[in-house]
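K.L.:
There's a structure below that I have some questions on.
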Amino acid sequence: KNEVEQSPQNLTAQEGEFITINCSYSVGISALHWLQQHPGGGIVSLFMLSSGKKKHGRLIATINIQEKHSSLHITASHPRDSAVYICAVRETSGSRLTFGEGTQLTVNP
Amino acid sequence: DGGITQSPKYLFRKEGQNVTLSCEQNLNHDAMYWYRQDPGQGLRLIYYSQIVNDFQKGDIAEGYSVSREKKESFPLTVTSAQKNPTAFYLCASSIVHRESEQYFGPGTRLTVT
């Protein structure tokens, strides 16, 4: 079992829909990251969370430390949101990141 | 503009040849990382360095080597001992802090035939 599990693996939505991507982890963490990877391959950091909730534009990330679970929400989705979204955790015991397999999101016009 | 550059974007090599992937950053970060990405798998750590002239093996270091002679540069050599080198390689950097963000380069897609 992977230490970081994402669901769903693939998600197709219509423009304007509300999107939720989930991330569960099995280790103690000091921080959780949400990353976005576009088709060209480059990765951009969206959020870094250690508790609560963060919002940036149409993106919202939440984390529940007790349940070892985080969600990434996209409101009013747009085709340009189509990308792979990756969850990564930094364990409390170290400085390295452990990555989920990613969720491929496709938003159709 | 501050950032991380990786070159080239696409690289083709024949089996049995060593190949070096470039990673340069001008963010003044002490820590640098090399990851490998394969279809359907999460990023896996190959090597990382937290200071010049020092580096540590990650989870899949076999068949790879690195050097860190300058703060700005962390080249990765894929040797002929790497049994399955075709993959997408990503370099990242960060400050040395437990909760620091990592900044990623654009990646190099290596194909070995």
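So the protein sequences, as listed, match chains A and B.
If you want this note's numbering, it's the position in the first sequence, counting the first as 1, plus 2.
One point on numbering: in this note's numbering, the residue at position 68 of the second sequence is 60, and numbering is uninterrupted.
The C-beta atom is built at its ideal place from N, Cα and C for all residues, glycine as well.
On a predicted model such as this, the values are computed, not experimentally measured, just so you know.
Rank Phe66(B), Pro77(B), Arg28(B) by C-alpha distance to the C-alpha of Gly44(A) and give the top, closest one.
P.N.:
Nearest of Phe66(B), Pro77(B), Arg28(B) to Gly44(A), Cα basis: Arg28(B).
K.L.:
Quick check: the Cα distance between Tyr95(B) and Gln17(B), rounded to an integer number of angstroms?
P.N.:
Near 10 Å, if we compare the C-alpha coordinates of Gln17(B) and Tyr95(B).
K.L.:
Report the three-state DSSP secondary structure of Asp30(B) (helix, strand or coil).
P.N.:
Reduced to three states, the DSSP call for Asp30(B) is coil.
K.L.:
Output yes or no for whether 8 Å exceeds the beta carbon distance between Pro81(A) and Val46(A).
P.N.:
Not closer than 8 Å, so no.
K.L.:
Who are the neighbours of Pro98(B) on chain A, taking C-beta pairs under 8 Å?
P.N.:
Per Cβ cutoff of 8 Å: Gly42, Gly43, Gly44.
K.L.:
In this structure, does DSSP put Arg82(A) in helix, strand or coil?
P.N.:
Three-state DSSP puts Arg82(A) in a helix.
K.L.:
Quick check on Ile65(A): does DSSP put it in helix, strand or coil?
P.N.:
Ile65(A) falls in the strand class under three-state DSSP.
K.L.:
Going by alpha carbons, who is nearest to Ala23(B) out of Pro0(B), Leu35(B), Lys6(B), Gln48(B)?
P.N.:
Taking only the C-alpha atoms, the option nearest Ala23(B) is Gln48(B).
K.L.:
Output, in sequence order along the chain, the residues in the stretch 80 to 107 of chain A whose CB is closer than 8 Å to any CB in chain B.
P.N.:
Listed in sequence order: Ile88, Ala90, Arg92, Ser97, Arg98, Leu99, Thr100, Phe101, Gly102, Glu103, Gly104.
K.L.:
Pick out whichever of Ser65(B), Gln9(B), Glu7(B) has its Cα sitting closest to the Cα of Thr(-3)(B).
P.N.:
Taking only the C-alpha atoms, the option nearest Thr(-3)(B) is Ser65(B).
K.L.:
Use the C-beta contact count for Ile76(A): other C-beta atoms within 10 angstroms, 16 or more gives buried, fewer gives exposed.
P.N.:
Classification of Ile76(A): buried, given that the 10 Å Cβ count is 16 or more.
K.L.:
Counting pairs of Cβ atoms below 8 Å between the stretch 61 to 72 of chain A and the stretch 27 to 41 of chain A, do you hit three or more?
P.N.:
Yes, the stretch 61 to 72 of chain A is in contact with the stretch 27 to 41 of chain A.
K.L.:
For Arg36(B), write down the residues that DSSP places opposite it in a beta bridge.
P.N.:
Answer by DSSP bridge pairing, in chain order: Arg28(B).
K.L.:
With 16 other CB atoms within 10 Å as the buried threshold, where does Ser41(B) fall?
P.N.:
That one is buried.
K.L.:
Ser47(A) CB to nearest chain B CB: under 8 Å?
P.N.:
Cβ-Cβ to chain B under 8 Å: yes for Ser47(A).
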